[in-house]
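Residue numbering for the sequence shown follows our numbering, starting at 65 and increasing by one per position. Cβ atoms here follow ideal geometry from the backbone N, Cα and C, with glycine treated the same way. All figures in this text were calculated on a predicted structure; none of them were measured in a lab. Worksheet for the structure shown next.
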Amino acid sequence: MSAIRAGYKQTEVGVIPEDWEVSKLSAIGEIIRGASPRPKGDKRYYGGDIPRLMVEDVTRDGKFVVPQIDFLTTEGAKKSRPCKKGTLTIVCSGTVGVVAFLGVDACIHDGFLALVGVSRLVSDDYIFHQLSALRERFDSSATHGGVFTNLTTTGVKEFAIPLPPTKAEQEAIAEALSDADALIESLEQLLAKKHHLKQGAMQELLTGKKRLPGFSGEWSETTLFDLAQGKKEFFDDGDWVESEHITTDGVRLIQTGNIGVGQYIEKAERKYIFEASFSTLRCKEIREGDLLICRLADPAGRACVLPNIGEGKIITSVDVTIFRPPTAIANRVFLANTFSTDEWLREVSDRSGGTTHKRISRGALGRLKIKVPSLPEQEAIAAILVDMDAEIAELESQLTKTRTLKQGMMQKLLTGEIRLV
Numbered sequence: 065m066s067a068i069r070a071g072y073k074q075t076e077v078g079v080i081p082e083d084w085e086v087s088k089l090s091a092i093g094e095i096i097r098g099a100s101p102r103p104k105g106d107k108r109y110y111g112g113d114i115p116r117l118m119v120e121d122v123t124r125d126g127k128f129v130v131p132q133i134d135f136l137t138t139e140g141a142k143k144s145r146p147c148k149k150g151t152l153t154i155v156c157s158g159t160v161g162v163v164a165f166l167g168v169d170a171c172i173h174d175g176f177l178a179l180v181g182v183s184r185l186v187s188d189d190y191i192f193h194q195l196s197a198l199r200e201r202f203d204s205s206a207t208h209g210g211v212f213t214n215l216t217t218t219g220v221k222e223f224a225i226p227l228p229p230t231k232a233e234q235e236a237i238a239e240a241l242s243d244a245d246a247l248i249e250s251l252e253q254l255l256a257k258k259h260h261l262k263q264g265a266m267q268e269l270l271t272g273k274k275r276l277p278g279f280s281g282e283w284s285e286t287t288l289f290d291l292a293q294g295k296k297e298f299f300d301d302g303d304w305v306e307s308e309h310i311t312t313d314g315v316r317l318i319q320t321g322n323i324g325v326g327q328y329i330e331k332a333e334r335k336y337i338f339e340a341s342f343s344t345l346r347c348k349e350i351r352e353g354d355l356l357i358c359r360l361a362d363p364a365g366r367a368c369v370l371p372n373i374g375e376g377k378i379i380t381s382v383d384v385t386i387f388r389p390p391t392a393i394a395n396r397v398f399l400a401n402t403f404s405t406d407e408w409l410r411e412v413s414d415r416s417g418g419t420t421h422k423r424i425s426r427g428a429l430g431r432l433k434i435k436v437p438s439l440p441e442q443e444a445i446a447a448i449l450v451d452m453d454a455e456i457a458e459l460e461s462q463l464t465k466t467r468t469l470k471q472g473m474m475q476k477l478l479t480g481e482i483r484l485v
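As C-alpha cells, this is what we get:
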C-alpha cells in the first residue's frame, strides 16, 4: 500500500486533502423523487402548458435542460412534482445517473430525483460535476432487473462526495471543469457543422448538381457488374468462416462491423483465423485499397476503402463484397462516397430481403445502377471529399484528446489531488 502524502487523508471516497470533508448528499440538500399523474394521457392531467421533464430532454440538451416533449395541465402538475428553475435533477430509471439543471420551472416525473434546498455553503455547479463523475457508481448501485434499472431515493441520499472547505474552492473547481465542457461542446458543434458541410458537398458533387470548374458533359449510367468488367475477381464475396477457425492471431478477418458508412472502423477486439484455415478454406486475400461493400444491414450497402491497417494477410467475411473496379475507369474513393449517400442506401434497402437480418444478394447488388462522370472528374471530386474527411478526422482527434484531458482534470480536481485555491 502506497504512503499517503503529507496534508492528505484516507477516507471512504479515497484520498482527499485533510481540510476537505466527506458529505452525504442528504446532508447537502433534500433528495426528492418525481411523480406522475395517472392514468397516462388523461386529458385532465396531460396536454396543458406546464412542461414536464423527460429523459429525452436531458440527453438532447445536456447540462441545462428545457423540457419540450411533454406538458401537464394545472391539475396534472398537482399530481406531479413541480421544481424551480435551477433545480439539479438526476435520472433514476433507465439511463440512470444523468445529471442536469432545469432551465425553466418544470415538473419531474417518477423517473427523476431532484436535489433541493442545497446549503448556501455548497456550490450547485460543484455538486453537478461530482454527480456527473459518479455516474458509473450510480449505475452499479442501481437495481438491475427486468426491463428497468432504478435508483432509489434512499440509496442516493447515502452517496458520499468529497467537499472542499470553502465555496470559493468549490466554485473554482466547477469553473475549470465547465470551461473544459465548453471547449468540448464547441468542438462537438464544429464537428457537426463539418459533417453537415460534407453531406451537402456529397449531395451536390456526387449527383452532378454542382460541377467543378473545367468539367462538363453528361455522366454515364452503369452497373457495379459493368464497372467490374464482368470479372468475378473484381466483384466477389468474402469467405464463410466458422467459429472453429477463429483465433487470436494469424490471418486478420475483417467483419461487417468494421465497415462503416464511408469509413473503416477498427474494433478493440480483432478477429483472426488460423494460417492453416486460410489454405484449407481457400480464402481470398484482400488488400489495401480494395472497396468493401457490406451486404448486411444496417445499413446494407455501406462501403469503405480498406486502409493500411498494419496487418499481414487479410480476409473478409461472406456478407462483404470485395469490389475492385480497374483504376483506369473508376476512382474507388469516389465510389465509396457514392455508396454513402442516402439515395444509394435507400436503393439497397429496397432491394434487400430477409426477416431477422436484411441483406442484399451479390447479384442484386451488382445489377444496381449508378451515374459516374469521367475518371478525371471522379478524381477531382474524391480529392475534395478526402480533404474534408481529413478535417473531420483532425477535429475528432482533438475532441477525443480534450475529453481525455477533461477526465483527468475531473479525477485530480474533484479529489483535491490538485488544488486551485
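Proximity to Gln267 [Cα-Cα], best of Leu355, Ile191, Trp408, Pro226: On the sequence shown, position 203 is the one that residue 267 refers to. Ranking Leu355, Ile191, Trp408, Pro226 by Cα distance to Gln267 puts Trp408 first.
Beta bridge counterpart(s) of Pro146 as assigned by DSSP: Walking along the sequence shown from the start, residue 146 turns up at place 82. Its beta-bridge partners are Cys171.
Delimiting residues of the beta strand (DSSP E) encompassing Leu355: Taking the sequence shown and counting its residues from 1, the one referred to as residue 355 is at position 291. Secondary structure note for Leu355: its beta strand (DSSP E) is the uninterrupted segment 355 to 358.
For Ile378, three-class secondary structure by DSSP: What you label residue 378 is simply residue 314 of the sequence shown in a count that begins at 1. Residue state, collapsed to three classes: strand.
Coarse secondary structure for Tyr336, derived from DSSP in three states: Within the sequence shown, numbered from 1, the residue matching residue 336 stands at position 272. DSSP places Tyr336 in strand when its eight states are reduced to three.
Residue range of the unbroken beta strand (DSSP E) whose run includes Gln293: Here the question's residue 293 lines up with position 229 in the sequence shown. If you look at Gln293, you'll find it isn't in any beta strand (DSSP E); DSSP assigns it neither H nor E.
Span separating the alpha-carbon of Phe212 from that of Thr218: In the sequence shown, counting from the first residue as 1, residue 212 sits at position 148. In the sequence shown, counting from the first residue as 1, residue 218 sits at position 154. For Phe212, the predicted structure reports a pLDDT of 47, less than 50, and the residue's modelled location is therefore unreliable. The matter cannot be settled from this model.
Where the beta strand (DSSP E) containing Gln74 begins and where it ends: For this step, residue 74 is matched to residue 10 along the sequence shown. Note, Gln74: beta strand (DSSP E), 72 to 75.
Outcome for Ser461 when other beta-carbon atoms lying within 10 angstroms are tallied against a minimum of 16: Walking along the sequence shown from the start, residue 461 turns up at place 397. It is exposed - the Cβ of Ser461 has fewer than 16 other Cβ atoms within 10 Å.
Any beta strand (DSSP E) of 3 or more consecutive residues that is wholly inside the stretch 385 to 472: 433 to 436
Proximity below 8 Å, CB of Ala164 to CB of Gly126: Within the sequence shown, the letter at position 100 stands for residue 164. Within the sequence shown, the letter at position 62 stands for residue 126. Yes, Cβ-Cβ distance for Ala164 and Gly126 is below 8 Å.
Residue from Asp188, Val160, Val129 whose Cα sits closest to the Cα of Leu89: Start at 1 with the first residue of the sequence shown, and residue 89 comes out as number 25. It is Asp188 whose Cα lies nearest to the Cα of Leu89.
Other residues of its chain near Gly181: CB distance less than 7 Å, five sequence neighbours each side excluded: The sequence position of residue 181 within the sequence shown is 117, counting from 1. Cβ neighbours of Gly181 beyond the five flanking positions: Gly93, Glu94.
Contacts around Leu288, its chain only, beta-carbon distance under 7 Å, and the 5 residues preceding and following it disregarded: Counting from 1 along the sequence shown, the entry for residue 288 is found at position 224. If the five residues before and after Leu288 are omitted, its C-beta is found closer than 7 Å to the C-beta atoms of Phe299, Phe387, Leu429, Gly430, Leu432, all from its own chain and listed in chain order.
Paired residues, beta bridge with Gly78 - DSSP: As a position in the sequence shown, residue 78 is number 14, starting the count at 1. Paired residue(s): Thr75.
Cβ contact (3+ pairs, closer than 8 Å) linking the stretch 275 to 288 and the stretch 365 to 374: no
Beta-carbon proximity check, Leu152 vs Ser144, cutoff 8 Å: As a working mapping, residue 152 is identified with position 88 in the sequence shown. As a working mapping, residue 144 is identified with position 80 in the sequence shown. Leu152 is not a Cβ neighbour of Ser144, given a cutoff of 8 Å.
Contacts around Leu255, its chain only, beta-carbon distance under 8 Å, and the 5 residues preceding and following it disregarded: Within the sequence shown, numbered from 1, the residue matching residue 255 stands at position 191. Within the same chain, Leu255 has close Cβ partners Ile456, Leu459, Glu460, Leu463.
Under 8 Å between C-beta atoms of Val305 and Glu339: Along the sequence shown, one-based indexing puts residue 305 at 241. Along the sequence shown, one-based indexing puts residue 339 at 275. In this structure, Glu339 does not lie closer than 8 Å to Val305 by Cβ.
Start-to-end residues for the beta strand (DSSP E) that takes in Asp134: Mapped onto the sequence shown, residue 134 falls at position 70. Where Asp134 is concerned, the enclosing beta strand (DSSP E) stretches over 134 to 136.
Proximity of Glu63 and Asn395 at Cβ, strictly below 8 Å: Missing from the structure shown is residue 63; the chain here goes from 65 to 485 and no further.
Start and end residues, beta strand (DSSP E) containing Lys348: The count along the sequence shown starts at 1 and reaches residue 348 at position 284. Element bounds for Lys348: n/a, residue is neither H nor E.
Where the alpha helix (DSSP H) containing Tyr190 begins and where it ends: Locating residue 190 in the sequence shown gives position 126, where the first residue counts as 1. From DSSP, the alpha helix (DSSP H) with Tyr190 extends over 188 to 197.
Residues near Lys422 in its chain [Cβ-Cβ closer than 7 Å; skip 5 each side]: As a working mapping, residue 422 is identified with position 358 in the sequence shown. If you ignore the 5 residues before and after Lys422, its C-beta comes within less than 7 Å of the C-beta of Ala361, Ala364, Ser416, all in its own chain and listed in chain order.
Cβ pair count under 8 Å reaching 3, the stretch 306 to 325 against the stretch 470 to 482: no
Extent of the continuous alpha helix (DSSP H) run through Val86: Sequence index remark: in the sequence shown, residue 86 carries index 22 (1-based). Where Val86 is concerned, there is no enclosing alpha helix (DSSP H), although the beta strand (DSSP E) it sits in stretches over 85 to 88.
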